[in-house]
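Using my numbering, you'd call the opening residue of the sequence shown number 18 and step up by one each time.
Heads up, the beta-carbon is just placed ideally off N, CA and C, and yes, glycines get one too.
For reference, the structure is listed below as structure tokens.
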Amino acid sequence: MIPLGIVALATLAANGSRQLRYSAVALLGVSLAANVLGVGQLSAPQVALEGCGALVACGILYVAARDNAFGEDPGWRLWLATIFAAVATAAIFASLRTATTESIAVSLVGDDPGGVTAQVAAFWLLASGLAILVTARSAVRGSLGALLMVTGVELLVRLVAAPQLALSVLLAWLEVVIALTGAFLIVNERAVREA
């Protein structure tokens, strides 16, 4: 339950930040908390692979910012994305949760045998990312939303009982490609503003 709270708070920090560099660091926090949620479900190389993908993606966005002043003021978009994510997470979890006959038991610290906290965190990240993408005005927030959604998909993939190394490689590369695309758009947007 604590990593779920950290995922939610880091998502809000990334979404509410006005500077791209702070958003990139918060995205790294989201990824680290998501990896803590999946420690029991993935092998050490898979956790390391996903962590490295997030680290590289966040590093790319951090460097693309060039200074602490560059970013976008979320304004009303922060509240809209937060309200949408909270309502959508509750609705999705209630309707699409994995059907089990056992009761939901969530511990504050420890294992998550039913995958409940991983599912809630994944739904939260997908809903937050979608809301951020819909309300984005620039590549800064678009990249943020897309990376949050990929992290949510990584959490959902962990719940599948199948070999996951190939999917982990694919999603880690997808994070890097999104970050490179976002950095390209950010650098071009900044060049237009400064011209």
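Nearest neighbour of residue i, chosen from the options [CA to CA]
i: residue 159; options: 187, 174, 206; result: 206
i: residue 86; options: 157, 97, 144, 45; result: 157
i: residue 141; options: 106, 178, 191, 47; result: 106
i: residue 38; options: 79, 66, 143, 170; result: 79
i: residue 53; options: 77, 135, 92, 83; result: 135
i: residue 21; options: 133, 203, 198, 192; result: 133
i: residue 45; options: 36, 24, 102; result: 24
i: residue 112; options: 137, 61, 195; result: 137
i: residue 36; options: 49, 71, 81; result: 81
i: residue 186; options: 48, 65, 93; result: 65
Residue i: first and last residue of the uninterrupted alpha helix (DSSP H) it sits in
i: residue 176; result: Run containing residue 176: none; DSSP gives neither H nor E here.
i: residue 51; result: 37–54
i: residue 201; result: 182–211
i: residue 87; result: That residue, residue 87, is in no alpha helix (DSSP H); it is neither H nor E in DSSP.
i: residue 142; result: 133–152
i: residue 59; result: Note, residue 59: premise wrong, no alpha helix (DSSP H); not H, not E.
Cβ shell of residue i (< 7 Å), same chain only, five flanking positions each side left out
i: residue 95; result: 32, 33
i: residue 43; result: 27, 30, 31, 34
i: residue 150; result: 159, 162, 163
i: residue 97; result: 148, 152
i: residue 166; result: 142, 143, 146, 147
i: residue 171; result: 51, 67, 188
Same chain only: Cβ atoms within 8 Å of residue i, ignoring 5 sequence neighbours per side
i: residue 181; result: 59, 63, 174, 175
Expected contact under 8 Å - CB spacing of residue i and residue j to nearest Å
i: residue 41; j: residue 168; result: Wrong, their Cβ atoms sit about 13 Å apart, outside the cutoff.
i: residue 193; j: residue 74; result: 6 Å
i: residue 190; j: residue 70; result: 7 Å
Close Cβ partners of residue i (< 6 Å) along its chain, the five nearest in sequence each way excluded
i: residue 89; result: 155, 157, 158
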